[in-house]
Structure formats: structure tokens, C-alpha cells
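Engineer: Take this structure, written in C-alpha cells, and hold onto it; I'll ask about it next.
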Ligand code: SF4
């Protein structure tokens with residue numbers, strides 16, 4: 295999986311209540327993305343384009359188990375690259391098939407609006423605008439396969455272990 | 045190996061694991077909560093590995109606060125019925141916040157693996173086990189397959205020493221750690237040292253629960269007799285295997301070993317929006333006017349918390365213009381607090397004691413903050429918008445500091461009320 299697009303930059307400790315706030319928590323999944331970063335960056339969801347890339351700082355996605363990663367995916371974003379990712383948020387990226395890479399130093403390597411080229415399998419992140427190349431922490435292949443297969447639910451569905459989506 | 049590494053090795057059938065490894069482990073206990081059954085999230089399970097390994101808890105919105113939470117409860121009850129799940133905590137006698145119930149009922153045993161789709165599941169690490177908040181798809185997978193994956197991270201060990209002074213709690217110890225060391229993303233936390241002997245299980249549990257706020261993978265305590273006796277007194281399946289404490293190897297490798305002198309701690313307050321490197325001595329916030337004060341959640345809804353609040357509030361009143369909400373962690377905690385007269389003391393002081401629920405902690409119901417309001421909370425999170433309107437400001441402190449602040453109508457030092 296390779297992506298090339300403009301980046302949107304966020305700081306350290308971006309939490310799940312910012313990504314999926316309580317007002318959106320109980321809405322149907324399709325309506326939840328409208329509220330992403332509603333408290334800290336109102337209007338952002340109208341600016342972002344399908345295929346764009348999110349760059350995060352330390353501890354991206356700290357907070358709760360809520361399916362916040364699903365909202366980023368459903369917003370059409372291509373992937374997340376952050377200095378470090380909260381373990382639970384990382385799980386949900388895998389669960390909902392949203393490619394995520396931990397890449398120390400990435401916040402310093404990008405300004406908002408730069409263009410990034412991301413090779414998910416190789417875990418290589420390049421800033422095309424500034425010609426900087428970084429290597430991230432490789433996602434274990436077992437998890438990468440899960441992302442490529444579309445996450446946990448399609449897998450369980452195929453095995454007949456959960457009912458098809460109503 | 046550290047405690048976490050040892051359990052992960054054993055449960056993945058390997059002699060040794062270390063940082064950087066990905067392991068697939070057997071899951072002993074899967075806890076499902078009401079949120080998981082909401083229409084936008086639930087995927088109907090057709091087969092489970094072992095219904096006796098499953099616990100179902102309704103806690104985030106109980107009693108049902110909206111039509112869709114009522115519908116989620118209905119879906120949950122059907123699931124329980126379909127698979128004959130015995131450990132079910134519906135609205136009523138057995139109601140409570142999942143992490144408090146795990147403690148109340150001895151559901152987490154040393155050396156075992158427990159998962160739940162709630163971030164504060166690390167709470168159960170107080171029982172010397174591997175417990176972690178996972179995603180909904182993960183709990184569904186674990187219920188079906190009886191296994192899950194974990195990344196093995198480095199471990200940071202906290203050596204606790206000394207005894208807490210009155211009006212200072214383990215919540216202050218947490219605020220000290222979060223304020224000084226910030227996040228522990230990708231790392232495990234291990235608590236040990238001579239200081240744990242002087243801490244109740246509830247006090248220890250506050251520390252493991254708050255591990256989620258440090259983004260720790262696991263937060264695990266060393267075992268001692270007090271903890272093992274706690275489980276023995278509550279465990280119902282007497283026939284099961286004997287309890288076996290997991291101790292770290294002498295040559296275990298830690299990313300850091302840090303001392304926490306409990307005796308040297310003072311009441312701290314985390315300023316709004318995050319607990320990461322955001323704690324200050326209570327004096328720095330003292331005098332800040334508050335609209336609401338909250339004591340509750342899976343971190344601070346224990347009997348210890350209610351008792352401490354009652355000691356401070358006894359014979360006093362909540363300041364006019366300030367609301368004090370107190371939510372016990374479980375109905376069992378509520379009943380015991382009632383038996384001991386704690387509930388009466390709190391109510392006479394003007395506190396609103398609610399039934400056990402996540403309630404105000406999650407901003408879902410029972411105590412939502414309005415625009416521009418200020419709250420001081422003894423719960424788990426002070427994120428922007430966490431407890432209601434995003435313009436509300438949320439300070440975080442111990443139950444003692446919150447109770448003292450409620451009396452003053454402004455953030456206050458609890459040491460003025462207890463000595
Ligand atoms: S009490 Fe708060 S932190 Fe704990 S499980 Fe409920 S909502 Fe989550």
C-alpha cells in the first residue's frame with residue numbers, strides 16, 4: 295500500500311474525545327466523521343480531502359476504546375503517521391483497517407501542507423516537499439495482513455462467526 | 045522477565061518474550077459492556093469459545109438514559125440469554141462500573157489475561173494480571189476465538205516507599221507520575237516496593253486504572269497476601285486452580301526504575317484538558333471558582349473514596365452555587381456506604397449521590413457540564429469536552445481535594461479539613 299498526498303499536522307497527545315466526541319458517540323457510524331476535531335479544529339472536516347494524510351506527534355490517540363480510528367478512515371484519510379501511537383488506538387487502526395505507522399521524528403520532518411509519500415509495507419515515509427526520508431517502526435506482518443484484509447470484521451464474517459452487517 | 049513479560053510468555057506458550065515481540069495469547073476473561081451493544085457498533089456473534097469466560101456489564105448508561113441505550117441493553121440481554129452467560133451485571137443489585145465489578149467479584153486472577161472494550165481495563169492489573177482495554181472488534185474476536193494479540197513493550201517499574209499522609213491519596217501519586225514523566229505509550233508499568241503494603245486494594249486500583257491515562261500497555265502490581273486474600277474472599281469457583289503470584293525475575297530488564305516516596309507527596313491538581321505534564325500543587329489552583337464537583341468513576345468510586353469524602357464533608361455543607369455529584373463504583377459499594385452511614389453524611393452535606401454508573405465521568409448522562417462551566421473531578425479524564433460542552437474547564441484531583449473544593453465552592457487544599 296502506497297500513498298502520496300498532502301499532510302495535515304497535529305500535535306502531541308491528540309485524544310479520542312477530540313476525534314470522536316461524546317456528541318457523536320452514539321450516532322450512526324456514517325455520521326460520526328462530521329465531528330472529528332470539532333472542539334480543537336472546527337471546520338477541518340470540510341477542508342480535508344479523501345486520500346490526505348494525518349501527521350501526529352507523541353501519543354496520538356490517547357484515551358478511550360471508542361472506534362475513533364474508524365472515523366478517520368471513514369473521512370477518507372489514507373493513513374496516519376505519528377511519532378508514537380497509543381496502543382489502544384493502534385489496535386483500532388488495525389481493527390478497522392486504517393494504515394498507521396509509528397515513525398519517531400516525523401513531526402519535525404513535516405510542515406502542514408507538505409506532500410508525503412508513504413510506503414506502508416516498508417514503513418518508509420518521505421517528505422516530497424522537503425526531500426527527507428524517514429523509516430518508521432514496521433507493523434508486524436500479521437497485523438499488516440489484517441489491515442490489508444479490511445480488519446477484523448470481514449475476517450470473522452468470512453468464517454461465519456459473526457452475522458453479516460445488517 | 046518483568047511481570048508483564050512473564051505472563052505474556054506463559055500465555056503465548058513461549059519460554060521467553062521481550063520488547064518488540066508480537067504475541068498471540070489465550071484470553072481467560074472477556075468483559076463486554078453496554079456500549080458494545082449499541083447499534084452503530086455491535087456485530088452479532090454467532091459462536092463463542094466459552095460462555096464461562098465472558099462477563100457482561102451494563103455501566104456506561106444505566107439505567108438506560110436514551111432510547112438507543114435501552115435498545116443496546118436489550119441487544120445485550122439477548123446475547124446473554126442466547127449463550128447462557130452466567131456472569132451478567134444488569135441494572136439492579138449487581139449493577140456497577142465494569143472495572144469496579146471485576147474487583148468486587150474477584151474476576152481477575154494473578155497470571156491471567158483479561159480484556160474489555162474499555163480503555164480503563166488496565167484497572168484489573170492490581171490483581172497481578174495482564175489486563176488491557178482493547179477495541180470492540182478485539183473483544184468480539186476474543187469472545188469468539190478465545191485469544192488475542194499483544195505487542196510486548198518495555199517495562200517501567202515504580203518502586204513505592206513510605207506511607208501517604210492524611211488527605212493525600214494514590215490519585216496524587218498518579219498526578220505526580222503523570223506530571224513528571226508524561227505518557228508511557230508502548231510501555232508497561234509495574235508497581236512494587238515496600239510502600240504497597242500500606243495501600244488498600246482500592247488505593248492500588250486507582251493507580252492501575254489511571255495507567256490508561258499514561259497510555260500504558262499494561263499496569264500491573266506485584267502480588268501480596270492482602271491482594272490474594274481479597275480474591276480468595278470473593279471468588280466463587282472454589283474448585284479452580286490455586287492462585288499463583290507472578291514475580292519479576294531478579295535479572296528483569298526495565299526501561300527505567302523510578303522511586304515514588306508516598307510520604308513526600310502533597311495534594312496535586314491537573315489543569316484542564318490533559319494530565320500529561322500538567323499537574324501542579326493544589327495551591328496553584330486554589331481559589332478557582334467551580335460550578336460542579338464530581339467524585340466517581342472506575343478510578344475513584346471506591347468505598348475508600350466515599351469514606352474520605354464523608355470525613356471531609358461531615359457536619360459541613362456544599363457551597364451555594366456549587367453542585368457536588370458522587371457516584372459509587374458499584375451498587376455493592378453503594379450498599380456498603382449506606383450501611384456505614386456514609387451516604388447519609390454525604391447527602392446531608394448537600395451532595396447528590398447517584399446510582400452506580402459511568403455517568404458524569406463519560407459525559408453521557410447524569411451531570412453533564414454546560415458551556416463555560418468549571419468542574420473539579422475525581423474521575424479518570426479531563427479532556428476538552430469530556431464531561432459535556434467543550435468550553436467547560438475540567439480540573440482533576442483526588443476525592444479529598446474535590447470534597448474540600450465543593451465545601452469552598454472553589455478549588456481548595458484538603459489538608460485544611462483533615463489532619
Ligand atoms: S467510569 Fe469513566 S473511565 Fe471508567 S469506564 Fe466509565 S466512562 Fe470509562
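Protein chains in written order, with the numbering used here: chain A, 295 to 460; chain B, 45 to 463. Ideal placement from N, C-alpha and C gives every residue a C-beta, glycine not left out.
Sorry if obvious, but does the Cβ on residue 164 of chain B come closer than 7 angstroms to a heavy atom of the ligand SF4?
Structural biologist: Flag set: Cβ of residue 164 of chain B near the ligand SF4.
Engineer: Of all the CB atoms in chain A, is at least one closer than 8 angstroms to the CB of residue 85 of chain B?
Structural biologist: Yes, contact with chain A.
Engineer: Quick one: is the Cβ of residue 103 of chain B within less than 7 angstroms of any heavy atom of the ligand SF4?
Structural biologist: Residue 103 of chain B: yes, Cβ under 7 angstroms from the ligand SF4.
Engineer: What three-state label does DSSP hand residue 452 of chain A in the structure shown?
Structural biologist: Three-state DSSP puts residue 452 of chain A in a helix.
Engineer: Can you tell me whether residue 424 of chain B sits near the ligand SF4, meaning its C-beta is under 7 angstroms from at least one heavy atom of the ligand?
Structural biologist: Residue 424 of chain B Cβ: within cutoff of the ligand SF4.
Engineer: Helix, strand or coil: which one does DSSP assign to residue 442 of chain B?
Structural biologist: It is coil, neither helix nor strand.
Engineer: Would you tell me roughly how many angstroms separate the C-alpha atoms of residue 415 of chain B and residue 438 of chain A, rounded to the nearest one?
Structural biologist: Each residue's Cα considered, the two are about 43 angstroms apart.
Engineer: Am I right that residue 216 of chain B and residue 309 of chain B are in contact with their C-beta atoms under 8 angstroms? What's the rounded C-beta distance?
Structural biologist: Contact flag correct, Cβ pair sits at about 5 angstroms.
Engineer: Is there a Cβ of chain A sitting closer than 8 angstroms to that of residue 481 of chain B, yes or no?
Structural biologist: Limits of chain B in this structure are 45 at one end and 463 at the other, which puts residue 481 of chain B out of reach.
Engineer: Just to confirm, are residue 343 of chain B and residue 264 of chain B a CB contact at a threshold of 8 angstroms?
Structural biologist: In this structure, residue 264 of chain B does not lie closer than 8 angstroms to residue 343 of chain B by Cβ.
Engineer: Quick one: list the residues of chain A neighbouring residue 320 of chain B, beta-carbon separation under 7 angstroms, in chain order.
Structural biologist: The answer, in chain order, is 307.
Engineer: CB residue 156 of chain B to CB residue 73 of chain B, shorter than 8 angstroms?
Structural biologist: Result yes, Cβ atoms of residue 156 of chain B and residue 73 of chain B sit closer than 8 angstroms.
Engineer: Residues of chain B with CB closer than 9 angstroms to the CB of residue 313 of chain A, please, in chain order.
Structural biologist: The premise fails here: residue 313 of chain A is roughly 11 angstroms from chain B at the closest Cβ pair, so nothing lies under 9 angstroms.
Engineer: For the candidate residues B:81, B:172, B:110, B:231, whose alpha-carbon lies nearest to that of residue 65 of chain B?
Structural biologist: Of B:81, B:172, B:110, B:231, the residue nearest in Cα terms is B:231.
Engineer: Nearest by alpha-carbon distance to residue 325 of chain B: which of B:99, B:384, B:313 is it?
Structural biologist: Residue B:313 is the option with its Cα nearest to residue 325 of chain B.
Engineer: Using only alpha-carbon positions, find the residue among A:425, A:435, A:397, A:404 that is nearest to residue 463 of chain A.
Structural biologist: Because chain A is modelled from 295 through 460, residue 463 of chain A falls outside the range shown and cannot be assessed.
Engineer: Just the chain B side, please: which residues come within less than 7 angstroms of residue 432 of chain A by C-beta, in chain order?
Structural biologist: In chain order: nothing, as chain B lies at least about 10 angstroms away.
Engineer: Need the endpoints of the beta strand (DSSP E) that residue 193 of chain B sits in, please.
Structural biologist: That run of the beta strand (DSSP E) goes 191-195.
Engineer: Does residue 316 of chain B come within less than 8 angstroms of chain A when only Cβ atoms are used?
Structural biologist: No - not a single Cβ of chain A is within 8 angstroms of the one on residue 316 of chain B.
Engineer: Which value, in whole angstroms, describes the spacing of the CA atoms of residue 316 of chain B and residue 352 of chain A?
Structural biologist: Whole-angstrom Cα-Cα distance: 19 angstroms.
Engineer: Could you please give me the residues that DSSP links to residue 302 of chain A through a beta bridge?
Structural biologist: Beta-bridge pairing links residue 302 of chain A to A:348.
Engineer: Would you decide whether residue 341 of chain A is buried or exposed? Buried here means 16 or more other CB atoms lie within 10 Å of its CB.
Structural biologist: When all chains shown are included, residue 341 of chain A counts as exposed.
Engineer: Kindly identify the DSSP beta-bridge partner or partners of residue 413 of chain A.
Structural biologist: Residue 413 of chain A pairs with A:296, A:418.
Engineer: From what residue to what residue does the beta strand (DSSP E) around residue 305 of chain B run?
Structural biologist: 300-305 is the extent of the beta strand (DSSP E) around residue 305 of chain B.
Engineer: Using a Cβ-Cβ cut-off of 8 angstroms, state whether residue 417 of chain A counts as contacting chain B.
Structural biologist: Cβ-Cβ to chain B under 8 angstroms: no for residue 417 of chain A.
Engineer: In or out: residue 425 of chain A buried (at least 16 other Cβ within 10 Å) or exposed?
Structural biologist: So residue 425 of chain A counts as exposed.
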